[in-house]
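Q: All residue numbers for the sequence shown refer to this note's numbering, where the first residue is 54 and numbers rise by one. Dropping a structure here in structure tokens format, bear with me for questions.
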Amino acid sequence: MKNALFLFIAFLFSMLAHSQQYVPFPTENAEWNVRLSTNPFEFPTQVETRLLKYSLHGDTTINEVVYHKLCLNVGTLENPVYVGVGGLREHNKQVYYIGGYGYLSDAYKVNPQGMSKVKNCAPAIKNQTELLLYDFNVKVGDVVQWIFEQRTISKIDSIKIGNSYRKCYSFTTGNDLIVEGIGSVVFGLLGTVTSMMPCGPHATWEHICFSQNGETVYKNPAYVDCNSTQQWSEKKYLAQGDQWTEYTISNSCFSSNKSIGIGA
């Protein structure tokens with residue numbers, strides 16, 4: 054009886070350890086899609102949205118350090134045109150990024166005319182200093198310098214994605230949520246290194262979708278699909294088979310996630 058109990062406990066601990074195994078950041082065949090919304094300060098109601106699609110394509114050497122090359126698709130889904138915007142690397146569960154300061158500089162590559170004012174911020178955009186993007190060694194209460202501000206880790210939890218659990222952490226301020234192997238599922242891949250520049254348009258960004266090896270790993274349930282910026286709340290008419298999801302974000306991971314409707 055004791056031997057059976059011991060084996061059961063050992064098996065249970067083994068399963069728990071396996072389910073919490075660290076999920077490293079991807080090194081290839083990964084894509085992050087982000088919605089960028091911009092509007093001129095003088096015309097706050099003229100909001101323009103763009104889909105920014107980031108993916109990894111081989112390796113590149115920057116400042117004698119090897120990174121996984123981060124590219125932005127400036128073409129279309131059918132005819133992609135990839136432009137290098139920087140690099141990612143992971144060391145000791147810390148993810149580093151090098152390149153311009155995030156989404157606003159990348160939006161200029163997609164739309165030079167519409168984002169012409171961003172060019173005035175070029176000194177900040179061209180910074181080639183390596184930046185700490187994510188740190189999965191953090192503990193509750195840690196104060197970390199996240200590029201432009203100090204942020205305190207408020208809670209560490211886990212979230213089930215697919216068939217495995219991933220560690221996630223959140224902050225005492227804001228609603229950002231960082232997940233192993235993905236990054237921010239609120240503001241997207243480069244949210245922590247995108248500055249709110251004093252020049253150029255007002256901007257907000259939001260995570261839409263993360264996929265790997267051609268399969269969707271995590272999609273923001275507020276969006277209709279991975280390859281557009283359309284939200285369910287913006288859709289005027291529902292088609293047959295349309296399905297949306299209600300979710301809330303607690304101070305750590307998603308506290309609920311359930312289907313609430315199907316178009317007739």
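Glycine included, C-beta positions come from ideal geometry on N, C-alpha and C.
1. Among the candidates Glu117, Leu186, Lys122, whose CA atom is the shortest distance from the CA of Thr80?
2. Among Val127, Tyr135, Tyr149, Ser108, which one has its Cα closest to the Cα of Val119?
3. Using a Cβ-Cβ cut-off of 8 Å (strictly less than) and excluding sequence neighbours within five positions of Glu183, which residues of its own chain qualify?
4. With DSSP as the reference, label Gly128 as helix, strand or coil.
5. Return yes when at least one heavy atom of the ligand HEM lies under 8 Å from the C-beta of Tyr120, else no.
6. If you drop the 5 nearest sequence neighbours on each side, which residues of the same chain put their C-beta closer than 8 Å to that of Gln73?
7. When the Cα of Tyr276 is compared with those of Pro77, Leu104, Glu268, Gly215, which residue comes out closest?
8. For my contact list, Tyr271 and Ile235 are in at a C-beta cut-off of 8 Å; report their separation, rounded to the angstrom.
9. What residue range does the beta strand (DSSP E) around Thr245 cover?
10. From this set, Asp278, Gln198, Ala256, which residue's C-alpha is nearest Ser264's C-alpha?
11. Just curious, the beta strand (DSSP E) that Gln265 is in, first and last residue?
12. Give the DSSP bridge partners of Cys221, in chain order.
13. Cβ of Lys146 within 9 Å of Cβ of Asp195?
14. Pick helix, strand or coil for Thr80, following the three-state DSSP scheme.
15. Taking the alpha-carbon positions, what's the Pro176 to Pro274 distance?
16. By the DSSP assignment, the beta strand (DSSP E) with Val138 in it spans what residues?
17. Kindly identify the DSSP beta-bridge partner or partners of Val118.
18. Find out if the Cβ-Cβ distance for the pair Tyr154, Val191 is shorter than 9 Å.
19. What is the DSSP secondary structure of Glu101, counted as helix, strand or coil?
20. For Glu131, which option in Gln284, Ser286, Asn280 has the closest C-alpha, if you only look at C-alpha atoms?
21. Quick one: what does DSSP say Tyr156 is sitting in, helix, strand or coil?
22. Taking only three categories from DSSP, how would you classify Glu202?
23. In the DSSP assignment, the beta strand (DSSP E) including Val270 goes from what residue to what residue?
24. Can you tell me which of the three DSSP states Pro176 falls into?
25. Could you check which residue in Pro77, Leu243, Glu202 has the C-alpha nearest to that of Val138?
26. Which same chain residues end up closer than 6 Å to Glu84 when comparing Cβ atoms and leaving out the 5 residues on each side of it in sequence?
27. Which of helix, strand or coil does DSSP assign to Ser286?
A: Looking at the atomic coordinates:
1. Position 27 of the sequence shown, counted from the start, is the residue given in the question as residue 80. Among Glu117, Leu186, Lys122, the Cα nearest to that of Thr80 is on Lys122.
2. Position 66 of the sequence shown, counting from 1, holds the residue named residue 119. Distances from the alpha-carbon of Val119 to those of Val127, Tyr135, Tyr149, Ser108 put Tyr149 closest.
3. For the purposes of this step, residue 183 is taken as residue 130 along the sequence shown, with counting starting at 1. Exclusion of the five residues before and after Glu183 leaves Asn116, Val118, Tyr149, Tyr150, Ile151 as the residues of its chain whose Cβ lies within less than 8 Å of its Cβ.
4. For the purposes of this step, residue 128 is taken as the residue at position 75 of the sequence shown. Note: Gly128 maps to coil in three-state DSSP.
5. Within the structure as shown, the ligand HEM is missing, as the structure has no ligands at all.
6. To locate residue 73, count along the sequence shown from 1; it is residue 20. The answer, listed in chain order, is Ser211, Tyr218, Lys220.
7. Locating residue 276 in the sequence shown gives position 223, counting from the first residue. Closest option to Tyr276, Cα to Cα, is Leu104.
8. As a first step, residue 271 is located in the sequence shown; it is residue number 218 there, counting from the start. As a first step, residue 235 is located in the sequence shown; it is residue number 182 there, counting from the start. Separation of the CB atoms of Tyr271 and Ile235 is rounded to 6 Å, and the pair is thereby assigned contact status at 8 Å.
9. By one-based count along the sequence shown, residue 245 stands at place 192. Where Thr245 is concerned, there is no enclosing beta strand (DSSP E), given that its DSSP letter is neither H nor E.
10. Along the sequence shown, read from residue 1 onward, the residue named residue 264 stands at position 211. Restricting attention to Asp278, Gln198, Ala256, the CA atom closest to the CA of Ser264 is found in Asp278.
11. The sequence position of residue 265 within the sequence shown is 212, counting from 1. DSSP places Gln265 in the uninterrupted beta strand (DSSP E) bounded by 255-265.
12. Translated into positions along the sequence shown, residue 221 becomes position 168. Looking at the DSSP output, Cys221 shares a beta bridge with Asp210, Val232.
13. Walking along the sequence shown from the start, residue 146 turns up at place 93. Walking along the sequence shown from the start, residue 195 turns up at place 142. Result no, Cβ atoms of Lys146 and Asp195 do not sit closer than 9 Å.
14. Within the sequence shown, residue 80 is the residue found at index 27, counting from 1. In this structure, Thr80 counts as coil in the three-state DSSP scheme.
15. Here residue 176 refers to the residue found at position 123 of the sequence shown. Here residue 274 refers to the residue found at position 221 of the sequence shown. Only weak support exists for where Pro176 lies, its pLDDT of 47 falling under 50; the value from the coordinates is given anyway. Between the C-alpha atoms of Pro176 and Pro274 there is a straight-line separation of about 37 Å.
16. Position 85 of the sequence shown, counting from 1, holds the residue named residue 138. Residue range 135-144 is occupied by the beta strand (DSSP E) that includes Val138.
17. Your numbering for residue 118 matches position 65 in the sequence shown. Val118 pairs with Ile115.
18. In the sequence shown, counting from the first residue as 1, residue 154 sits at position 101. In the sequence shown, counting from the first residue as 1, residue 191 sits at position 138. Contact: no.
19. Counted from its first residue, the sequence shown places residue 101 at position 48. In this structure, DSSP gives Glu101 an extended state, which the three-state scheme calls strand.
20. Taking the sequence shown and counting its residues from 1, one reaches residue 131 at position 78. Glu131 has its Cα closest to that of Asn280, out of Gln284, Ser286, Asn280.
21. Residue 156 sits at position 103 when you count from the first residue of the sequence shown. DSSP places Tyr156 in the helix class (H, G or I) of the three-state scheme.
22. As a position in the sequence shown, residue 202 is number 149, starting the count at 1. Strand at Glu202.
23. For the purposes of this step, residue 270 is taken as the residue at position 217 of the sequence shown. Element bounds for Val270: 268-272.
24. Translated into positions along the sequence shown, residue 176 becomes position 123. At Pro176 the pLDDT is 47, less than 50, meaning the model places this residue with poor confidence; the figure from the coordinates comes in the next sentence. Three-state result, Pro176: helix.
25. Looking up residue 138 in the sequence shown gives position 85. Taking only the C-alpha atoms, the option nearest Val138 is Leu243.
26. For the purposes of this step, residue 84 is taken as the residue at position 31 of the sequence shown. Ser108, Ser264, listed in sequence order.
27. Taking the first residue of the sequence shown as position 1, residue 286 is located at position 233. The answer is helix: DSSP assigns Ser286 an H, G or I state.
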